[in-house]
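**Q** Before I ask anything, here is the structure I am working with.
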Amino acid sequence: MAKKEIKKGKKSASRPASTLAAHAEQAVRDYDHALGLLRRKDYAGAAEALEKVIKTYPDEKEMADRCRIYLSVCDREQSDKALPLKKAEDYYYQGIVESNRQKYDEALKHLDKALKMNPKDDRFLYATAATQALKGERDQALNLLKEAIETNPENRIHAQSDPDFDLLSDDDAFIDLVSAERD
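Just so we're aligned, residue 25 is where the sequence shown starts under the working numbering, counting upward by one.
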């Protein structure tokens, strides 16, 4: 008798996925889709997909528990980036955050938006120049730094000791730009 139960158990355990209930198969597909979004760091999309799995398949308790754990990951990841960017200042500060994270391309996108909104703000010019320097874009960094200094001569003093410009510290054009004021 025990042998028959063991054989019967093996057969049921090795059933192909096609014998699962249709809703369970769809739940697994939806869950996998949500995890794919999470792996691609699309936290907003992943959160939406995970919430859909929880609401659509309430009988899948274990899956719902896992979805809740992944939702907390999505919430945590989105909280750092969830600034409502409306004003030039918002883009400026987000650009600084991204630059500090060494995400220079992302930082430049934000700083460029800030500059488009207020093209003569020396802080925006200076931060963009510093980010360009960190990225290794010599000419862009020097041009923007020159403009920042022309807008506010105090930027010359800041740039002399700013580690963001270390890659340019031996560059003659940089040295000329940050040395004593020109008449």
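Even for Gly, the Cβ is constructed at its ideal location relative to N, Cα and C. Keep in mind the model is a prediction, meaning the values are calculated, not measured.
By DSSP, does Asn179 sit in helix, in strand, or in coil?
**A** Asn179 falls in the helix class under three-state DSSP.
**Q** Is the Cβ-Cβ distance between Leu139 and Thr155 less than 8 Å?
**A** Their beta carbons are not under 8 Å apart, which means Leu139 does not touch Thr155 by this criterion.
**Q** With a cut-off of 8 Å, do at least 3 Cβ pairs link the segment 94-102 to the segment 116-125?
**A** With a cut-off of 8 Å, the segment 116-125 and the segment 94-102 do not count as touching, because too few Cβ pairs lie within range.
**Q** Spatial neighbours of Gln184 within its chain, please: C-beta separation below 8 Å, excluding the five flanking residues on both sides.
**A** The residues are Val202.
**Q** DSSP three-state label for Phe198, please.
**A** Phe198 falls in the helix class under three-state DSSP.
**Q** Below 7 Å CB to CB, which residues in the same chain sit around Asp190 once its five sequence neighbours on both sides are set aside?
**A** Same-chain partners within the cutoff: there are none.
**Q** Could you tell me whether the Cβ atoms of Ala73 and Leu61 are closer together than 8 Å?
**A** Yes, the pair counts as a contact, with Cβ atoms nearer than the cut-off.
**Q** Alpha carbons only, please: which of Leu168, Glu84, Asp194, Gln102 is nearest the one belonging to Asp145?
**A** The option with the nearest alpha carbon to Asp145 is Leu168.
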